[in-house]
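2 protein chains.
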Amino acid sequence: MTRFALTLEFDGGPFMGLQRQDHGPSVQQAVEEAAFRVTGEEVRMHAAGRTDSGVHALGMVAHIEVDKPFDAFRLMEALNHHLKPDPVAVLDCRVVADDWHARFSCIGRAYEYRIVNRRAPLTLDKGKAWAVTRPLDAEAMHRAAQALVGLHDFTTFRSVHCQAQSPVKTLDSLTVSRAGEQVIVRTAARSFLHHQVRSMVGTLALVGLGQWAEDDVAAALAAKDRAALGLNAPPDGLYFVRAVYPGDE
Amino acid sequence: MTRFALTLEFDGGPFMGLQRQDHGPSVQQAVEEAAFRVTGEEVRMHAAGRTDSGVHALGMVAHIEVDKPFDAFRLMEALNHHLKPDPVAVLDCRVVADDWHARFSCIGRAYEYRIVNRRAPLTLDKGKAWAVTRPLDAEAMHRAAQALVGLHDFTTFRSVHCQAQSPVKTLDSLTVSRAGEQVIVRTAARSFLHHQVRSMVGTLALVGLGQWAEDDVAAALAAKDRAALGLNAPPDGLYFVRAVYPGDE
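Put into structure tokens, the structure is as follows:
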């Protein structure tokens, strides 16, 4: 039995989410079926994060266990071959220790959220960004975001379906910057609550539009009440960028 | 009668090309039909360039003439409304002089070609870049490209279907640079022959792969023979970036 860590890139558009679902295709199902075609074994995939329908990944990390001996590079190539035409690719594959776990060993997660801020509808970026047509003040969004950094009770920014035991999390960073018509939100933490990133981005967008004052974000956080949430940003703009493990630089 | 210049962004994937075709959808048809729904007039669109099936645009320039009086901003908004769900967007719309012509007044055109250079298949960039799986030496490609800059007979790099009167063109710039797994080719000229950019990129890729020596590019150009061409790069990676007119900065 060998455990392999996989780095996955995927377009979340055609999937019901990363995790297996009864009612539609998932990234997990795509990878497990490809692994079955490669190995002939019923393989179970475990991932660092659980992304929703429509959410993308540039560097999701997962692991699988395989009985038959496989070279890591050949396993990656074979998985990629069998994953076609699904928009899921294995960017990296390496052998890890039997007690290494993609989810439980993970000590850091980073997301990026892409907004295209212009009047015209999206063409090449359709499904890959949130189109906000009225002007956003990215600097005001960045300033307001700093109230969320640190150790807080994030109940306001948590889905009612969130299964985490505690709403208390430490947010390591949350930045907002503009590059032309793109407004990019970047955030990192040990872990996030369900819908936390989309809830934070949607609320910051209200600040960017001038509908909320910058201080209103701190007040919404302090309210510890989902009803105080501004807005949940759509999944299209969200990318799981990176998972960090002990020993990574 | 008012003439409007339109700046268009489009995903070339679902189209048979920019120009109207008998056998399938085109960007021209999409814009002309949207203009008919907005104005009730049979509008004819003229564009700075003629892109092939699958080729994209970040800033194609075109013009249309409308009888009824329209404010440029409202015309843009109405066109964008009626262009949905086609992946074509009007980024800018302005009134121009009656003798201004998107194609004949154009004095400069710029293209970008995106290669993703990695083992894994494309997911988010599927249809938006050329996937080259073996390592490319972008610096060698850049050096070899310089032989094509300047005034030359580009017969080698011209489609057999090219309708230009002369194969002699001045190439203003051709650069190749790498950013991580992306290799980007940028080029500008007053005008290009049919398939010229894809022919140049495909041939430079052979240099990048080590199958051609850098000097072979100059020799292929000197041969003035389509049979001397290395390879035609696929349309997926090609973007029409910009059209330049007298008076533009």
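Chains as they are written, first to last, in the UniProt record's numbering: chain A, 1 to 249; chain B, 1 to 249.
C-beta: ideal position from N, C-alpha, C; glycine also.
For a quick check, are the C-beta atoms of residue i and residue j less than 8 Å apart?
i                      : j                      : result
residue 41 of chain B  : residue 124 of chain A : no
residue 220 of chain B : residue 213 of chain B : no
residue 240 of chain B : residue 55 of chain B  : yes
residue 87 of chain A  : residue 11 of chain A  : yes
residue 113 of chain A : residue 197 of chain A : yes
residue 195 of chain A : residue 158 of chain A : yes
residue 201 of chain A : residue 217 of chain A : no
residue 53 of chain B  : residue 246 of chain B : no
residue 58 of chain B  : residue 144 of chain B : no
residue 226 of chain B : residue 176 of chain B : no
residue 79 of chain A  : residue 47 of chain A  : no
residue 89 of chain A  : residue 6 of chain A   : no
residue 83 of chain B  : residue 140 of chain B : no
residue 43 of chain B  : residue 66 of chain B  : yes
residue 76 of chain A  : residue 64 of chain A  : no
Please confirm if residue i has its CB atom under 8 Å from at least one CB of chain A.
i                      : result
residue 82 of chain B  : no
residue 56 of chain B  : yes
residue 124 of chain B : yes
residue 91 of chain B  : yes
residue 137 of chain B : no
residue 48 of chain B  : no
residue 225 of chain B : no
residue 77 of chain B  : yes
residue 11 of chain B  : yes
residue 87 of chain B  : yes
residue 128 of chain B : yes
Under a three-way DSSP split, which group does residue i fall into?
i                      : result
residue 99 of chain A  : coil
residue 216 of chain B : helix
residue 233 of chain A : coil
residue 180 of chain A : coil
residue 134 of chain B : coil
residue 65 of chain A  : strand
residue 164 of chain B : coil
residue 4 of chain A   : strand
residue 109 of chain A : strand
residue 298 of chain A : Residue 298 of chain A is absent from the model: chain A starts at 1 and stops at 249.
residue 16 of chain A  : coil
residue 249 of chain B : coil
residue 193 of chain A : coil
residue 60 of chain B  : strand
residue 139 of chain B : helix
residue 228 of chain B : helix
residue 146 of chain B : helix
Do we get a CB-CB distance below 8 Å when we pair residue i with the residues of chain B?
i                      : result
residue 5 of chain A   : no
residue 120 of chain A : yes
residue 68 of chain A  : no
Could you tell me the boundaries of the beta strand (DSSP E) in which residue i lies?
i                      : result
residue 82 of chain B  : Per DSSP, residue 82 of chain B belongs to no beta strand (DSSP E); it is in the alpha helix (DSSP H), 72 to 83.
residue 203 of chain B : Segment 196 to 208 is the alpha helix (DSSP H) holding residue 203 of chain B; no beta strand (DSSP E) there.
residue 243 of chain B : 238 to 244
Can you tell me where the alpha helix (DSSP H) with residue i in it begins and where it stops?
i                     : result
residue 27 of chain B : 27 to 39
Where DSSP assigns a beta bridge to residue i, which residues make up the other side?
i                      : result
residue 153 of chain B : B:168
residue 278 of chain B : With chain B covering only 1 through 249, there is no way to say anything about residue 278 of chain B.
residue 174 of chain A : A:187
residue 46 of chain A  : A:63
residue 263 of chain B : Because chain B in this structure spans residues 1 to 249, residue 263 of chain B falls outside the shown range and cannot be described.
residue 92 of chain B  : B:7
residue 52 of chain A  : A:17
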